[in-house]
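Asks:
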Amino acid sequence: MNLRQNFSLARITEGVQRTLSGMRMSVPELVFLLSALVFTGIVIFFYLSRVQPLKNEIITLREREVELQGRIDKLKTDEKKRSEQASNAGKILDSLSRFEGFLKPDERGMTQIINEIDSLGSSHKVIIGDASYKVDQSDAETDEEGNPKQESASKDKKPKIYPALGIDTTVIGDYPNLRKFLFDLERSKQFLIINSVAFQGEADNMRRALPKGSNVQVQLSSPDAIPVSLKIELDTYFQKPVARNQ
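Here it is as structure tokens:
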């Protein structure tokens with residue numbers, strides 16, 4: 056056993072000696088080669104133990120930086136949206152305030168719009184027929200105890216923000232005069248919406264639309280003009296009633 060080990064070691068030593076002698080390196084060259092190998096080993100060890108972990112840490116930090124930058128950009132975008140929403144809300148409130156400035160108090164506004172329709176009829180030589188009226192009060196914002204009301208869960212029911220007066224009436228006259236009447240009615244100083252205008256008929260059916268007991272005659276713009284009647288449906292809105300302190 057020992058003889059075999061000694062023989063193998065001797066063969067290895069002999070092989071190394073032959074290799075070194077074959078390379079014909081001097082002692083200083085051999086020392087330099089060994090030093091270079093040792094230095095290379097140290098560099099590899101330093102790279103694997105120090106440099107590579109640092110590179111991995113740098114990659115992790117860069118990924119973290121990208122993530123944080125994304126969060127910052129999102130916060131900036133959200134802040135910009137909130138600023139725009141606040142600005143839009145201010146504009147909406149200003150617009151609503153100006154809109155409410157056009158509305159009349161309901162007690163006075165209802166009488167004014169009825170008188171205005173009659174006045175426009177006289178000035179444009181058209182006859183205002185029988186009219187029906189429907190008053191819609193605005194939804195209460197507080198309950199009986201003065202607490203804010205919860206919004207209705209029903210989507211079909213439209214909220215009534217302002218009091219409104221619905222008017223259905225028939226106007227009679229020739230076509231040019233009716234156009235002028237509608238033109239001025241749409242530009243009333245009171246806020247109103249004309250929901251529909253329907254053709255009712257010509258002269259044969261005109262008498263049915265006149266107020267009961269009326270003997271008025273339609274004034275035509277020309278001898279060839281044909282009187283017609285139009286049914287008009289409109290809504291006009293008023294200021295909210297002032298809350299009274301109980």
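End of the sequence shown sits at 301 in my numbering; the numbers just go up one at a time, nothing left out. C-beta atoms are modelled at their ideal positions from N, C-alpha and C, and glycine is treated no differently. The structure presented is a predicted model; accordingly, all values stated were derived computationally and were not measured.
1. Would you kindly report the start and end of the unbroken alpha helix (DSSP H) that includes P108?
2. Inspect the beta-carbon positions of T132 and D185 and report whether they are closer than 9 Å.
3. Kindly list the residues whose CB is nearer than 7 Å to the CB of K159, restricted to its own chain and excluding five residues on each side of it in sequence; keep chain order.
4. Going by alpha carbons, who is nearest to I216 out of D191, K135, R153?
5. So who's on the other strand from G221, going by DSSP bridges?
6. Thinking E288 and S251 are a contact (beta carbons under 8 Å), I'd like their distance in whole angstroms, please.
7. If you draw a straight line from the alpha carbon of L123 to that of F100, how long is it in whole angstroms?
8. To the nearest angstrom, how far is the alpha carbon of I147 from that of R153?
9. With DSSP run on the structure shown, which of helix, strand or coil describes S243?
10. Going by DSSP in three states, P214 sits in which element: helix, strand or coil?
11. Give the straight-line distance between the Cα atoms of F254 and Y230, rounded to the nearest whole angstrom.
12. Short of 7 Å in beta carbon distance, which residues of its chain neighbour D173, apart from the five on each side in sequence? Order them along the chain.
13. Only counting the same chain, and skipping five residues up and downstream in sequence, which positions put a Cβ closer than 6 Å to that of D290?
14. Taking just the CA atoms, how far does I114 sit from A208?
15. Going by other Cβ atoms of all chains shown within 10 Å of its Cβ, with 16 needed for buried, is N170 buried or exposed?
16. With 16 as the cutoff for other CB atoms within 10 Å, does L285 come out buried or exposed?
17. Is the beta carbon of L175 sitting closer than 9 Å to the one on D239?
18. Out of S187, S193, V181, which one is the CA nearest neighbour of N232?
Replies: The short version:
1. Within the sequence shown, residue 108 is the residue found at index 53, counting from 1. Taken as a continuous stretch (DSSP letters only), the alpha helix (DSSP H) holding P108 covers 107-157.
2. Residue numbering aside, residue 132 sits at position 77 when the sequence shown is read from its first letter. Residue numbering aside, residue 185 sits at position 130 when the sequence shown is read from its first letter. Taking 9 Å as the Cβ cut-off, T132 and D185 do not qualify as a contacting pair.
3. Stepping through the sequence shown from its first residue, residue 159 is reached at position 104. For K159, same chain residues with a beta-carbon under 7 Å away, outside a window of 5 residues either side, are Q167, Q245, F293, Q294 in chain order.
4. Residue numbering aside, residue 216 sits at position 161 when the sequence shown is read from its first letter. Selected option, being the one with the closest Cα: D191.
5. The residue you call residue 221 lines up with position 166 of the sequence shown. In the DSSP assignment, the residues bridged to G221 are K189, D290.
6. Residue numbering aside, residue 288 sits at position 233 when the sequence shown is read from its first letter. Residue numbering aside, residue 251 sits at position 196 when the sequence shown is read from its first letter. About 5 Å separates the beta carbon of E288 from that of S251, a gap short enough to meet the 8 Å contact definition.
7. Here residue 123 refers to the residue found at position 68 when the sequence shown is read from its first residue. Here residue 100 refers to the residue found at position 45 when the sequence shown is read from its first residue. Looking at the backbone, the Cα of L123 and that of F100 are separated by about 34 Å.
8. Here residue 147 corresponds to residue number 92 of the sequence shown, with the count starting at 1. Here residue 153 corresponds to residue number 98 of the sequence shown, with the count starting at 1. Each residue's alpha carbon lies about 10 Å from the other.
9. Counting from one through the sequence shown, the residue named residue 243 turns up at place 188. In this structure, S243 counts as coil in the three-state DSSP scheme.
10. Taking the sequence shown and counting its residues from 1, one reaches residue 214 at position 159. Correct three-state label for P214: coil.
11. Numbered from its first residue, the sequence shown carries residue 254 at position 199. Numbered from its first residue, the sequence shown carries residue 230 at position 175. Each residue's alpha carbon lies about 11 Å from the other.
12. As a first step, residue 173 must be located in the sequence shown, where it is residue number 118. The beta carbon of D173 is closer than 7 Å to those of I183 in its chain, skipping five residues each way along the sequence.
13. Here residue 290 is taken as the residue at index 235 of the sequence shown, counted from 1. Excluding residues within five positions, the ones whose Cβ falls inside 6 Å are A219, G221, I248.
14. The count along the sequence shown starts at 1 and reaches residue 208 at position 153. The count along the sequence shown starts at 1 and reaches residue 114 at position 59. With a pLDDT of only 48 at A208, under the threshold of 50, the placement of this residue in the model should not be trusted, and no figure is reported.
15. Stepping through the sequence shown from its first residue, residue 170 is reached at position 115. With fewer than 16 other CB atoms across the displayed protein chains lying within 10 angstroms of its CB, N170 is exposed.
16. Locating residue 285 in the sequence shown gives position 230, counting from the first residue. Buried, because 16 or more other Cβ atoms sit within 10 Å of the Cβ of L285.
17. As a first step, residue 175 must be located in the sequence shown, where it is residue number 120. As a first step, residue 239 must be located in the sequence shown, where it is residue number 184. Closer than 9 Å, so yes.
18. Reading the sequence shown from its first residue, position 177 is the one you call residue 232. The shortest C-alpha separation from N232 is found at V181.
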